[in-house]
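Participant: Residue numbers (this note's numbering): 866 to 1739.
C-beta: ideal position from N, C-alpha, C; glycine also.
Before we start, here is the structure in question, set down as structure tokens.
Here it is in structure tokens:
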């Protein structure tokens, strides 16, 4: 490994360094305040609290968020969940400190308080019951921190001490908000957090540079996760839990459940009357909802439509409800005029969306179905038509139940993803996938087996697009003479769902490659934001008749742009065309409202129809995407591009062969024998292959990929037995290690020697590997093994231009490199989305191995295999 390869690897490969340091420094900031308050007897005030809050948000929040994002990218379930969760904790606690400082400054500045009173009606929201609100947030984080400490003990024995100290510190921080004696104990625990975090950071930093654990703590768990239970192999196999998902991103389900634990607990605390104002609570819920949006995003990156939609919907729900309660408890001072709540109908759309989630989770585990069932009960409990005297009791009890199940779900998902087995009970499958598919296929009127496939990750955001628009449209319905209180309540409903979350949906459309598809959600986000500003905020802000003409011009612009989108939707499907058409009528109503001629009955009817279309579109797109079949019709395109149909398919840039056919395998082997370079599938990603009988073909690979000449190429063989026949002088430890990792997604670097000539690499001896070493792959892939048996050893490297992402489908190889190579062996989607893990075995006899590149097989797993093999030979 060169220096140029090593430094980025140590920086990018160990985000835990940044995460642990962020926790340690954040704890140190709080420690200083606690000890100063204990020494002087005077709590921190004013500017000091504000500065501490800002530092907590920047260091504990932003820096740790970055560590969490990198951990998810490294397929590290535990660190990703922990660091993102703690980022939300420190950011929320930092915001609380800012509130404390702001309220102290306000109490000392009478003139400022009077000015705010004159402007906002009451400055009470700047000095809410902060202590109670902070306790409401600290309690669920304390419970979750305990879970993280316990789960981390199955991975290493540094993070349990860090997270355990955080658990204790949070307990005494919560007590310290009502009794300052506890802050001294909290300060001692925060000092321990700092010390443990520094040690852990140094350990990971040295490991990132030296590629080995020089200090103790990581690489060895406190106890084996398998001690928690024995997986039911039959049930876990049927649920798809035994097989690791082929992706380079960690599973975000535990993070989603984590967020669903914090938000409802804060609401339950408020509903039972422990907090009279929801000002600080709205901030805590908003921050943790941002973390939940990240869980939705990483679900999308894993091509998981269900969880991307579920967590996106939950995030929208908590954001909307938190800011609704902020309006009610702060801006309206808890006084709800008669009829204001009853006029709100947006909750009904959440109820319908929750029913869709319940339906489509019937073929998942029982825990998932129960979680969706409780969310359905949650949406029922917030229906605005429930009498006010029973509303908060019903909502609070439901939030408590939802918190308890989400807490269990966090633990179960985290342990099961760490172990990659169903160790913690999640229940059986209520309904088989075949039964659910047959039931849904009734809506189409033909057997589901005949439904065409083809839904990809690019279609994942469609469901969220329909849901966000549906919530916004149904929430925008109001009477011809709206109550001012209703206008206050409508703002968060329309603005958050229709504008804020929909901007996220637009980003997903771009991420998926549908760059024109991102135009529709982005335009609709602008429409709902403008709608909120003019129709609901406008009367309160006193927008004059003269100012309304600016909105008239904007409405005309929206009409014109949406007209073009209607034309584009006519080439897509009938549901999208109908949706854009109804939106055109809604925009006409909006235009008429700017000139004082609004037909209220028509607008209400169009908004209701729009929300119904969105509901069906959400159900259809989610079902079709989850099952990758056209189960529910979205209607054919009105216009078909006849020109494209008449055009002949362009000629392929190179010959292609089907991996399922023996003739296809033989045709590729002949091309390789004739000095050709071909794209082939492996057990990881697609590779470029050249026969070791043809050194000139190996030289071609460097030109095809623009690969630097100093980077060596590895060889691929069919089995360990083929290697043993060449009789390389390997030690017993190396042989045993290779028998344990082959076949599989691991490449071993071993000493080079004359034995390569017996293996069949003779002519290419100087073209593969380095002067003293060579990297060997034994893929766990039938097609590749058969090809190697026919051709002999192959020189392979990933089938992508140097510096670009790996090719995960044969179409990508044809498109990117087809004009430069002689053929492609087509095998569909690759088994993984990242290449193999590279292990340096040159010093294995000294008792050490090095991980030069972490790929589809986690480095921890490789080291565990090596330690087991080494111990077995002692």
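Kindly indicate which three-state DSSP category residue 1699 falls into: helix, strand or coil?
Facilitator: Position 834 of the chain shown holds residue 1699. Looking at residue 1699 - three-state DSSP - the assignment turns out to be coil, as it is neither helix nor strand.
Participant: How close, in whole Å, do the beta carbons of residue 943 and residue 1020 come, if the pair is a contact with beta carbons under 8 Å?
Facilitator: Residue mapping note: residue 943 aligns to position 78 of the chain shown, counting from 1. Residue mapping note: residue 1020 aligns to position 155 of the chain shown, counting from 1. The pair is a contact, with the Cβ atoms about 6 Å apart (cut-off 8 Å).
Participant: According to the neighbour-count rule (16 or more other Cβ atoms, all chains shown, within 10 Å of its Cβ), is residue 1240 buried or exposed?
Facilitator: Stepping through the chain shown from its first residue, residue 1240 is reached at position 375. It is buried - the Cβ of residue 1240 has at least 16 other Cβ atoms within 10 Å.
Participant: By Cβ distance, which residues of its chain are closer than 7 Å to residue 1140, with the 5 residues on each side in sequence left out?
Facilitator: Your numbering for residue 1140 matches position 275 in the chain shown. Closer than 7 Å at Cβ, skipping near neighbours: 994, 997, 998, 1001, 1134, 1146.
Participant: Counting only runs of 4+ residues fully inside the segment 1521-1580, write out the alpha helix (DSSP H) ranges in chain order.
Facilitator: Those alpha helix (DSSP H) runs which fall completely within the segment 1521-1580 and span 4+ residues are 1527-1538, 1560-1570.
Participant: Bridge partners for residue 1662 per DSSP, in chain order?
Facilitator: Here residue 1662 refers to the residue found at position 797 when the chain shown is read from its first residue. Answer is 1553.
Participant: Since residue 915 contacts residue 966 with CB under 8 Å, what's their CB separation in whole angstroms?
Facilitator: By 1-based counting over the chain shown, the position of residue 915 is 50. By 1-based counting over the chain shown, the position of residue 966 is 101. Residue 915 to residue 966, Cβ: 4 Å. Contact.
Participant: May I ask you to list the residues that DSSP assigns as paired with residue 1674?
Facilitator: As a first step, residue 1674 is located in the chain shown; it is residue number 809 there, counting from the start. For residue 1674, which the question treats as bridged, DSSP gives the partners 1694.
Participant: Who are the near neighbours of residue 1218 in its chain, counting only those whose CB is closer than 7 Å to its CB and skipping five residues on each side?
Facilitator: Residue mapping note: residue 1218 aligns to position 353 of the chain shown, counting from 1. Excluding sequence neighbours, residue 1218 sits near 1178, 1332, 1483.
Participant: Sorted by chain position, which residues of the same chain lie with C-beta nearer than 6 Å to residue 1792's C-beta, five sequence neighbours on each side aside?
Facilitator: Outside the shown range of the chain (866 to 1739) lies residue 1792, about which nothing can therefore be said.
Participant: Around the C-beta of residue 1680, are 16 or more other C-beta atoms found within 10 angstroms, so that it is buried, or is it exposed?
Facilitator: Mapped onto the chain shown, residue 1680 falls at position 815. Flag for residue 1680 reads exposed.
Participant: From residue 1221 to residue 1230, what distance separates their C-alpha atoms?
Facilitator: In the chain shown, counting from the first residue as 1, residue 1221 sits at position 356. In the chain shown, counting from the first residue as 1, residue 1230 sits at position 365. C-alpha separation (whole angstroms): 16 Å.
Participant: Could you give the distance in angstroms between the alpha-carbon of residue 1232 and the alpha-carbon of residue 1272?
Facilitator: In the chain shown, counting from the first residue as 1, residue 1232 sits at position 367. In the chain shown, counting from the first residue as 1, residue 1272 sits at position 407. Rounded to the nearest angstrom, the two C-alpha atoms are 12 Å apart.
Participant: One question on the structure: do residue 1268 and residue 1186 come within less than 8 Å of each other, judged by their Cβ atoms?
Facilitator: Your numbering for residue 1268 matches position 403 in the chain shown. Your numbering for residue 1186 matches position 321 in the chain shown. Not closer than 8 Å, so no.
Participant: Following the continuous alpha helix (DSSP H) through residue 1118, name the residue where it begins and the one where it ends.
Facilitator: Walking along the chain shown from the start, residue 1118 turns up at place 253. Run containing residue 1118: 1118-1136, per the alpha helix (DSSP H) assignment.
Participant: DSSP on residue 1718, reduced to helix/strand/coil?
Facilitator: Sequence index remark: in the chain shown, residue 1718 carries index 853 (1-based). DSSP places residue 1718 in strand when its eight states are reduced to three.
Participant: Can you check whether the CB of residue 1590 is closer than 8 Å to the CB of residue 1661?
Facilitator: Within the chain shown, numbered from 1, the residue matching residue 1661 stands at position 796. Within the chain shown, numbered from 1, the residue matching residue 1590 stands at position 725. It is not a contact, given that the beta carbons lie outside the stated cut-off.
Participant: Count the CB pairs spanning the segment 1392-1402 and the segment 1429-1446 that are closer than 8 Å, and state whether there are at least three.
Facilitator: Judged by Cβ distances under 8 Å, the segment 1392-1402 makes no contact with the segment 1429-1446, as fewer than three pairs qualify.
Participant: Looking at the secondary structure, which residues open and close the alpha helix (DSSP H) in which residue 1613 lies?
Facilitator: In the chain shown, residue 1613 corresponds to position 748, counting from 1. Run containing residue 1613: none in the alpha helix (DSSP H); it sits in the beta strand (DSSP E), 1611-1616.
Participant: Between the segment 1555-1567 and the segment 1629-1646, do three or more beta carbon pairs fall short of 8 Å?
Facilitator: The segment 1555-1567, when compared against the segment 1629-1646, does touch it at the 8 Å Cβ threshold.
Participant: Can you give the Cα-Cα distance for residue 1183 and residue 1236, rounded to whole angstroms?
Facilitator: The residue labelled residue 1183 in the question sits at position 318 within the chain shown. The residue labelled residue 1236 in the question sits at position 371 within the chain shown. Looking at the two C-alpha atoms, the distance is approximately 15 Å.
Participant: In whole angstroms, what separates the C-alpha of residue 1132 from that of residue 900?
Facilitator: To locate residue 1132, count along the chain shown from 1; it is residue 267. To locate residue 900, count along the chain shown from 1; it is residue 35. Going by the C-alpha atoms only, they are around 32 Å apart.
Participant: Might you give, ordered along the chain, the residues of its own chain that have their beta carbon closer than 6 Å to the beta carbon of residue 1282, omitting 5 neighbours on each side?
Facilitator: As a working note, residue 1282 is residue 417 in the chain shown. Closer than 6 Å at the Cβ level, and outside the excluded window around residue 1282, lie 942, 1116.
Participant: Please classify residue 1065 as buried or exposed, where buried requires at least 16 neighbouring CB atoms within 10 angstroms.
Facilitator: As a position in the chain shown, residue 1065 is number 200, starting the count at 1. Under this definition residue 1065 is a buried residue.
Participant: I'd like the span of the alpha helix (DSSP H) that includes residue 1383, first residue to last.
Facilitator: In the chain shown, the residue the question calls residue 1383 occupies position 518. Run containing residue 1383: none; DSSP gives neither H nor E here.
Participant: Taking DSSP's pairing of strands, which residues face residue 1640 in a bridge?
Facilitator: Indexing the chain shown from 1 puts residue 1640 at position 775. In the DSSP output, where bridge partners are listed per residue, residue 1640 has 1614.
Participant: What are the residues that DSSP puts in a beta bridge with residue 1146?
Facilitator: In the chain shown, the residue the question calls residue 1146 occupies position 281. According to DSSP, which records beta bridges pairwise, residue 1146 is partnered with nothing at all.
Participant: Got a sec? Which residues, its chain only, sit under 6 Å from residue 1326 by beta carbon, not counting five neighbours each side?
Facilitator: Residue mapping note: residue 1326 aligns to position 461 of the chain shown, counting from 1. Contacts found: 1370, 1373, 1374.
Participant: Would you mind sorting residue 1542 into buried or exposed? The rule is 16 or more other CB atoms within 10 Å of its CB.
Facilitator: In the chain shown, counting from the first residue as 1, residue 1542 sits at position 677. Residue 1542 should be labelled buried.
Participant: Tell me the rounded alpha-carbon separation between residue 1118 and residue 946.
Facilitator: Against the chain shown, residue 1118 aligns to sequence position 253. Against the chain shown, residue 946 aligns to sequence position 81. Distance between the alpha carbons of residue 1118 and residue 946 is about 9 Å.
Participant: According to the Cβ coordinates, are residue 1649 and residue 1581 closer than 8 Å?
Facilitator: Residue mapping note: residue 1649 aligns to position 784 of the chain shown, counting from 1. Residue mapping note: residue 1581 aligns to position 716 of the chain shown, counting from 1. Yes, the pair counts as a contact, with Cβ atoms nearer than the cut-off.
Participant: Which residues in the same chain as residue 1154 place their Cβ atom closer than 6 Å to its Cβ, once the five residues preceding and following it in sequence are excluded?
Facilitator: The sequence position of residue 1154 within the chain shown is 289, counting from 1. Cβ neighbours of residue 1154 beyond the five flanking positions: 1180, 1183, 1184.
Participant: Report yes if the C-beta distance between residue 1448 and residue 1475 is below 8 Å; otherwise report no.
Facilitator: Here the question's residue 1448 lines up with position 583 in the chain shown. Here the question's residue 1475 lines up with position 610 in the chain shown. Result yes, Cβ atoms of residue 1448 and residue 1475 sit closer than 8 Å.
Participant: Distance, Cα to Cα, residue 1087 vs residue 1144?
Facilitator: Within the chain shown, numbered from 1, the residue matching residue 1087 stands at position 222. Within the chain shown, numbered from 1, the residue matching residue 1144 stands at position 279. Spanning the two alpha carbons is a distance of roughly 42 Å.
Participant: Indicate whether the contact test is met: 3 or more Cβ pairs, each with one atom in the segment 1693-1707 and one in the segment 1543-1552, closer than 8 Å.
Facilitator: Touching, yes.
Participant: Within a Cβ cutoff of 7 Å, which residues of the same chain sit near residue 1664, ignoring the five residues on either side of it in sequence?
Facilitator: Residue mapping note: residue 1664 aligns to position 799 of the chain shown, counting from 1. Closer than 7 Å at the Cβ level, and outside the excluded window around residue 1664, lie 1544, 1551, 1552, 1553, 1672, 1678, 1682.
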